[in-house]
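Protein chains in written order, with UniProt numbering: chain A, 1 to 179; chain B, 1 to 707. Every residue gets a Cβ at the ideal spot worked out from N, C-alpha and C, and that includes glycine.
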Amino acid sequence: MSPTEVTDRLTELRADFDRSFAEPARRHDAEHAELLAVHAGGRPYALRLAQAAGVHSDRPVTPLPGPQPALLGVAGFSGAIVPVYDLAALLGHPVPERPRWLVLAAGSPPLALAFHELDGHVRVSAAVIVGEPDGHDGRDVLRGMVPLPGGTRPIVDLPAARAVVHRLTGHTQDVFEER
Amino acid sequence: MSQDPLRYFRIEARELVDQISAGVLDLDQQPGTELVARLLRFAHTLKGAARVVRQQDIADRAHKFEEVLVPHRTDEGPLPADEMRELLRLNDEIEAYVARLEPAAAAAQAAAAATAVAPAEPPELRAESKPEPAPAPKPAPKPVAKKDEPVARATTTDVDDLLDAVGETHARFAPLRTGSTALDRLHRSAESLAYQLRVGRTPGQAEAARSAAVRLAGELGMLGRRLTDTVEQVERELDEVRGRAERLRLVAASSIFTALHRAVRDAADAQGKRIRFEGRGGDLRMDPQVLALANGALLHVVRNAVVHGIEDDEVRAAAGKPAEGHVVVEIQRRGRYAAFLCTDDGRGFDLAAVRRTAEARGLLMPGGTEPDQQTLVDLVLRGGISTSPTVTEVAGRGIGLDVARDVADQLGGDVGVRTEAGGGTTIELVLPLALLSLHGLVVEAAGTVATVPLDSVRTCVRLLPEQATAAAVTGKMAHDGEAVPFLPLARALYAGTTVPEGGGPGVAVIVEADGEAVAVGVDRLAGTSTLVLRPLPALAPAAAVIGGVSMDLDGNPRLVLDAQGLVAETARLGHGGAAPLEAARRLPILVVDDSLTTRMLERSILESAGYEVEVAASGEEGLEKARSRDFCLFLTDIDMPGIDGFTFVSETRADPELAGVPAILVSSRASAEDRARGAAAGASAYVVKGEFNQEELLAHIRRLVPS
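Right under this line is the structure:
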């Protein structure tokens, strides 16, 4: 960085700082949604932070041989053993590369979904989210879309993803009580 | 607190009472002077200790206990029945008094009296605050109820082992302490070197600085290696400490034997029968909560065995059985489950009577197809049908099995019955173990670390590279004069995916389960450790070779292998792990269900398990498909528009072409009536959707469709 660049940057930051006082205080309310912009299996998606119980990177995942190809293995989270599923595989486009990010889905039993890249954390007005209350069928884990810089991203609904995992594993609650 | 005069007495009295309780029952079964002498010693010790802490009630009973026994010091024969009863009565009283000394019990009494009793107050005061002043506890009707809760009580050996492990870890820290001195010295050397470099101008000084730097680098390297070694050792030791500490939470299964023995003895006494009780497999350590629930159910089951199982003397004599009945409670570990088996050598279930009752109540069609033994036993288990014409106060019939079934349902376990008319009955209660302490052999294969329970390891054999190759190619290796199937662990762990390149098996671990042995090929052994086995989480189905997981020191899960699973996997792969997995040439399964979700779910479960599947969306379509080609099994829903599942099953049973194909009903209806209706229609199994569990379903299928 040349000295002029530094000076310019500094001026910009100062202006931003001053402007932040001029603007009305932002409120965390229902009109906004906190999203994580992620990549899974090479495709861009968004996750609702409110549906997550935590995000972790580079957690050792112990592979578990078994019938579910989407199950990457189990990981330890403060004494609990949590199954880790590959989000890309659940969305139907698995890649051989092992994902390095984990998002813990809220709710029980414990469940973590793995994705490949974390692009960033964004806060958007709820109004810009294209609603889609139900997926196309029970298997669809995508609910709605959000326009973000770089393009519109489908939103991964974590409760719907959880329901898919429950169905895959024959876990009873939710699956059979629907009927 | 430190002045609590009862602090040590409580512990001592509890241990003595345990020994006296077990001893009295042993004496009842196997009289002998040695046992009398031992009991006298315990009672005498208790009397002395009780007097010191002014527990006169306990001392008095211990004294009476001694008086009963003294005349039998030199007497090899059994005690008269009334004296035996008196000993048991005194034993119960002592036990009740000792139980009252427990801080929790004392606090409850204090709360009842609405006065806070400081633990340091003299015990007499506390005795006075009791609502009922020292009533003689009645032996009947529930003499053993207070024993329902086995508590985690560490044995001296366990604590000693833990202390040893802590001591060992502590010792491993010594190099770290000397290491910090060495580090100080190196720090000074580095400072002096920096000084030399700053002031040194002459070639000689530069040379000196250079050699000082070389020396410093060497010493730093050595210190670094030593630190790495030490940290590794400390980690291993801490792992051991953790395992041993977790073990203290668990209880030896044998702790329930005394209460069960007593229940058998009391029931036998009330019935005028002579019965010998035996407890086996008490070394298994498990979660006190699971053990408490099992104990509660087993108390009923053993009483049932005495009252309904064991025949009267005359009947036994006529059947050529020994006059003394035999009740055995055996505890076995089966992977991540504990099996509690209660076996009696009595008359067995009267299945004909069960059938008559079931028919009278409309649970079975009179004159229908001959129900097999399992169907009838299931009716007893689920339908509350008694196998005895009379219900006594000791054992309300059906209740014992109901309690066992409730416990099993509550914990996700299972109850089974094996019975033979005239030959006795075995009730089997299988419960999942939330926590189980194991000694494990740590192995490595293709970069994965796993643990094999040490109790299933027969031995380990080093493999030369050519032996390993031969074993992998033939799927067998010679061991102890026999050919043992060989399973490379990496193949089982990476089933369906590529096995990462590794050195290949260097050691064969001979694992044994259910009398069968397999040689498991691993890259290397990495020592043994004490670990606590945890079940796999709910959403993580795994291959049968995985018995559960344990946590390593960093809190990461580590796989624990299951001996039965390893044997089964070897058998499944055929000829050890060597032969490539052949697609089983099996007939497809027909799934009939009007719900798309259920059809797809069942299809995915069955296909993942290697079955070919066809689906039908209605009973009509199902019948049409069933007649169009061969199937190995029908899996059908009950509630469907048009032809329902019951009709589908009975129609296929009526068709001679299809009658041989087993049918399983899957339904959200859970009532005993529906189950009975399903069985009557000819269904081979009934799976309730609310309890739907893919393992259960697959187990039924594996049973009905031999591969």
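Taking just the CA atoms, how far does residue j sit from residue i?
i	j	result
B/LEU293	B/LEU411	9 Å
B/VAL36	B/ARG558	50 Å
B/ASP266	B/PRO488	54 Å
B/ALA654	B/THR647	10 Å
B/ILE605	B/THR598	10 Å
B/GLU512	B/ALA519	9 Å
B/GLU95	B/PRO80	23 Å
A/ALA46	B/LEU601	28 Å
B/ASN693	B/PRO371	26 Å
A/ALA50	A/ARG123	12 Å
A/TRP101	A/LEU13	31 Å
B/GLU612	B/LEU587	7 Å
B/VAL264	B/GLY527	44 Å
B/MET437	B/LEU291	According to the sequence as given, residue 437 of chain B is Ser; it is not Met. Spanning the two alpha carbons is a distance of roughly 14 Å.
B/ALA490	A/LEU90	26 Å
B/ARG14	B/LEU697	47 Å
B/ILE58	B/ARG356	54 Å
B/LEU633	B/VAL649	11 Å
B/VAL306	B/VAL329	13 Å
B/VAL159	B/PRO175	26 Å
residue 191 of chain A	B/ARG244	There is simply no residue 191 of chain A to check, as chain A begins at 1 and stops at 179 in what is shown.
B/LEU525	B/ALA450	10 Å
B/GLU191	B/ALA563	59 Å
B/ASP552	B/VAL484	32 Å
B/ARG669	B/MET640	13 Å
B/LYS476	B/PHE486	5 Å
B/ARG41	B/LEU183	60 Å
A/PHE17	A/VAL6	16 Å
B/GLY77	B/GLY272	19 Å
B/ASN91	B/VAL509	49 Å
B/PRO135	B/ALA544	Caution applies to B/PRO135, whose pLDDT of 40 falls short of 50 and renders its modelled position unreliable; the value that the coordinates give is listed next. Cα to Cα, the separation comes out at about 55 Å.
B/ALA360	B/PRO366	8 Å
B/ASP164	B/THR181	27 Å
Thinking C-beta only, is residue j closer than 7 Å to residue i?
i	j	result
B/GLY179	B/LEU248	no
A/ALA33	A/LEU104	no
B/GLU102	B/ALA49	no
A/GLY113	A/ALA37	According to the sequence provided, residue 113 of chain A is Leu. The question's Gly does not apply to it. Contact flag unset, no.
A/VAL74	A/LEU87	no
B/ALA542	B/LEU536	yes
B/LEU381	B/VAL354	no
B/GLY547	A/GLY76	no
B/VAL549	A/ILE81	yes
B/GLU621	B/GLY642	no
B/ALA297	B/VAL407	yes
A/HIS121	A/ALA40	no
B/VAL415	B/LEU433	no
A/VAL128	A/MET145	no
My guess is that residue i and residue j are in contact by the Cβ rule of under 8 Å, so how many angstroms apart are they, rounded?
i	j	result
B/LEU464	B/PRO505	The pair is not a contact, with the Cβ atoms about 11 Å apart (cut-off 8 Å).
B/LEU216	B/LEU197	That pair is no contact at about 12 Å.
B/GLY413	B/LEU431	4 Å
B/ASP637	B/ASP593	4 Å
B/ALA253	B/MET286	6 Å
A/ASP157	A/ARG143	4 Å
B/VAL461	B/HIS479	6 Å
Anything in chain E within Cβ reach of residue i, meaning under 7 Å, just list it in chain order.
i	result
A/PRO67	No chain E is part of this structure, whose protein chains are labelled A and B.
query: Are the region 405-424 of chain B and the region 345-363 of chain B touching, with three or more C-beta to C-beta distances below 8 Å?
result: yes
query: Using Cβ-Cβ distances below 9 Å, what residues of the region 147-167 of chain A are close to chain B?
result: ARG162, VAL165, HIS166 and ARG167
message: Would the region 81-100 of chain B count as touching the region 21-37 of chain B if we require 3 or more Cβ pairs under 8 Å?
response: yes
task: Taking only beta carbons into account, state which residues of the region 78-97 of chain A come closer than 9 Å to chain B, listed in chain order.
output: SER78, GLY79, ALA80, ILE81, VAL82, PRO83, VAL84 and TYR85
- prompt: Does the region 308-316 of chain B come close enough to the region 403-417 of chain B to have 3 or more Cβ pairs within less than 8 Å?
  reply: Contact fails: fewer than three Cβ-Cβ distances are below 8 Å.
task: Output, in sequence order along the chain, the residues in the region 426-440 of chain B whose CB is closer than 8 Å to any CB in chain A.
output: none
message: Along the region 45-66 of chain A, where does the CB come closer than 8 Å to a CB of chain B? Name the residues.
response: PRO60, THR62, PRO63, LEU64, PRO65 and GLY66
field: Where the region 3-17 of chain A meets chain B: residues whose CB sits under 9 Å from a CB there
entry: Going along the region 3-17 of chain A in chain order, one finds no residue with a Cβ nearer than 9 Å to chain B.
- request: With 8 Å as the C-beta to C-beta threshold (strictly closer), list the residues of the region 543-558 of chain B near chain A in chain order.
  value: ALA543, VAL545, ILE546, VAL549, MET551, ASP554, GLY555, ASN556, PRO557 and ARG558
task: Quick one: which residues of the region 111-135 of chain A get their C-beta closer than 9 Å to a C-beta of chain B? List them in chain order.
output: LEU111
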